[in-house]
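Asker: First the structure, then my questions, so here it is.
Numbering (the working numbering), first residue to last: 544 to 1084.
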């Protein structure tokens, strides 16, 4: 830096000397002009001479004015000679001064080039580049086939370079940023390779780079003190996972979302920053499990939602909300069954912080394959707990349809509990079941969650219906209502599901009501209707 400062000082001193010389030259030009002006005959004097000459010529009828005319012409010639002499002197002085200003004009014309951003950056970056191999200011170079990793950004300011994309292998990692800047994105990999990891964001401020897509997704880059985590890359390889999302800034910032996967598990979402920031959502998957949502910051922020599955996989769990204030993320939905596979279960909702709502449980996947070997719906996820805020509801169970064999509806998830002043979460509904040549059992309704000190108890979920054309059908039982707070009613029990079968049909029993304050107990749920017998009503709290 000392050498750089010395170069600038020398440039400024030279510029000052040139400015002083230019001022002296300008004064010389002014003096030459003033001298020429003083030596020149005034225009009014010349005009008076010409007017007198005209008068003498007009009145010279007999030649009597000839001597006066000659004298007037002589005076005019003297004035003309005097003006010519003054102009010649001015031209000489001005030309000499102009010649001296030519060098200064050239210096002025070259000044913008010397002060261009490129030259200034070169002067600033040269010492760091020579000593550390990294500039002070500037973006890192993108990766190449020879050097696939993206270059690091400038030590002070600069984004990391992007990693090289390699269709026949793994992608290069993105470069890290400087103190301020974003990390470079990871390069894409081939079908059997891994996407490059995203670069780390700037130490003080900057987001992490996105992970590259590939056979397996690359991880998203983490942020610095302030910034968002990079999203994980998508996965297209057989059974390979999506990339995990990068974590948000160490002080504040949201976590990156997890990467999508074709046949593996979705990537997990990144965590939020320490003070403020929400967790990233989990990645979804076509035939694998959804990724879990990221956890929120310590003080403020919501948990990330769990990723969902399309075919057969379980939904990811929602991330927990921030400890001080933040809601839990929702659980992802389970995937529907394919051929003889079991449908996926819904993910659990994330717990809330001291202030916030619990996340909802994800729905169980449906099994509607209609095959000869029965069918089973996925179970709903449980709702997240809360303190000052409502707890999350349980997810509904998945439906099941079978041509033959036993069909079982999925059970509803339980509602979350509230430990402070919130309402307990509602239980999820049980899934319906239908079988053409076998038995059918409706799913059980989920239990409601406990209420907080001043919150109502959660209501139980209803049982699923059952229909067996050539077999026995049993409706699912309703879920139990739960206890209310010290000054709040208990939750009602869920109703039992209906059961109608060709051989026999039994309605499900209603769930019991929860205890409440004083006489405010929850009522029992109604029993379901059955072709053979109805279900019993649940007991009051």
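Backbone N, C-alpha and C fix where the C-beta goes; we use that ideal spot for every residue, glycine too. This structure is a prediction, so every number in the text was calculated from the model and none was measured.
1. Using beta-carbon positions only, say whether residue 785 and residue 806 come within less than 7 Å of one another.
2. Would you call residue 1062 buried or exposed, if buried means 16 or more other Cβ atoms sit within 10 Å of its Cβ?
3. For residue 593, list the residues DSSP reports as bridge partners.
4. Exposed or buried, which one is residue 599 when buried takes at least 16 other CB atoms within 10 Å?
5. Is DSSP giving residue 944 helix, strand or coil here?
6. Where does residue 794 fall in DSSP's three states?
7. Please tell me whether residue 828 and residue 800 are closer than 7 Å, where the distance is taken between their beta carbons.
8. If you follow the beta strand (DSSP E) that residue 1010 is part of, which residue opens it and which one closes it?
9. Mind checking whether residue 988 and residue 958 have CB atoms under 7 Å apart?
10. For residue 682, tell me which candidate among 676, 704, 692 and 690 has the shortest Cα-Cα distance.
11. For my contact list, residue 874 and residue 902 are in at a C-beta cut-off of 8 Å; report their separation, rounded to the angstrom.
12. Counting along the chain, where does the beta strand (DSSP E) carrying residue 1043 start and finish?
13. Spatial neighbours of residue 511 within its chain, please: C-beta separation below 6 Å, excluding the five flanking residues on both sides.
14. Using only CA atoms, which one of 921, 837, 721 and 1059 lies nearest to residue 1089?
15. Quick check: the segment 833–849 against the segment 931–945, are there 3 or more CB pairs under 8 Å?
16. Using DSSP with H/G/I as helix, E/B as strand and the rest coil, what is residue 677?
17. Starting from the Cα of residue 1053, find the closest Cα among 856, 1070 and 1047 and give me that residue.
18. Can you give, in chain order, each stretch of the beta strand (DSSP E) that sits fully within the segment 731–784 and has at least 3 residues?
19. Let me know the secondary structure DSSP gives residue 879 once reduced to three states.
20. Determine, using beta carbons only, whether residue 743 and residue 719 come nearer to each other than 7 Å.
21. Using the beta-carbon count (16 or more within 10 Å), is residue 889 buried or exposed?
22. From residue 589 to residue 605, what does the alpha carbon distance come to, in whole angstroms?
23. According to DSSP, is residue 818 part of a helix, a strand, or is it coil?
24. Is residue 820 near residue 760, with beta carbons less than 7 Å apart?
25. On the CB-based measure, 16 or more other CB atoms within 10 Å of its CB, does residue 879 come out buried or exposed?
26. Any idea if residue 906 is buried or exposed, counting beta-carbon neighbours within 10 angstroms, 16 or more meaning buried?
Answerer: Inspection of the coordinates gives the following:
1. Cβ distance not < 7 Å, so residue 785 and residue 806 don't count as in contact.
2. With fewer than 16 other Cβ atoms inside 10 Å of its own Cβ, residue 1062 counts as exposed.
3. Beta-bridge analysis with DSSP links residue 593 to no other residue.
4. Counting Cβ neighbours within 10 Å, residue 599 comes out buried, since at least 16 surround it.
5. Under the three-state reduction of DSSP output, residue 944 falls in the strand class.
6. Residue 794: coil per DSSP, three-state reduction.
7. With contacts defined by Cβ atoms closer than 7 Å, residue 828 and residue 800 do not form a contacting pair.
8. Start and end: 1009–1011.
9. It is not a contact, given that the beta carbons lie outside the stated cut-off.
10. If we check each option's Cα against that of residue 682, 704 comes out closest.
11. Their Cβ separation, rounded to whole angstroms, is 6 Å, which keeps residue 874 and residue 902 in contact under 8 Å.
12. Annotation: the continuous beta strand (DSSP E) that includes residue 1043 extends over 1042–1044.
13. The chain is shown from 544 up to 1084; residue 511 falls before or after that span and cannot be answered.
14. There is no way to answer for residue 1089, as the model of the chain reaches only from 544 to 1084.
15. Between the segment 833–849 and the segment 931–945, the count of Cβ pairs shorter than 8 Å is below three; the stretches do not touch.
16. Taken through DSSP and simplified to helix, strand or coil, residue 677 comes out as coil.
17. Of the candidates 856, 1070 and 1047, the one whose C-alpha sits nearest the C-alpha of residue 1053 is 1070.
18. Runs found: none.
19. It is a strand residue.
20. Annotated as proximal: residue 743 and residue 719, with beta-carbon spacing under 7 Å.
21. Buried is the call here.
22. CA-CA distance, residue 589 to residue 605, rounds to 27 Å.
23. Residue state, collapsed to three classes: coil.
24. Contact: no.
25. Sixteen is the threshold: when 16 or more other Cβ atoms of the shown chains lie within 10 Å of the Cβ of residue 879, as they do, the residue is buried.
26. In this structure residue 906 is buried. Its beta-carbon is surrounded by 16 or more other beta-carbon atoms within 10 angstroms.
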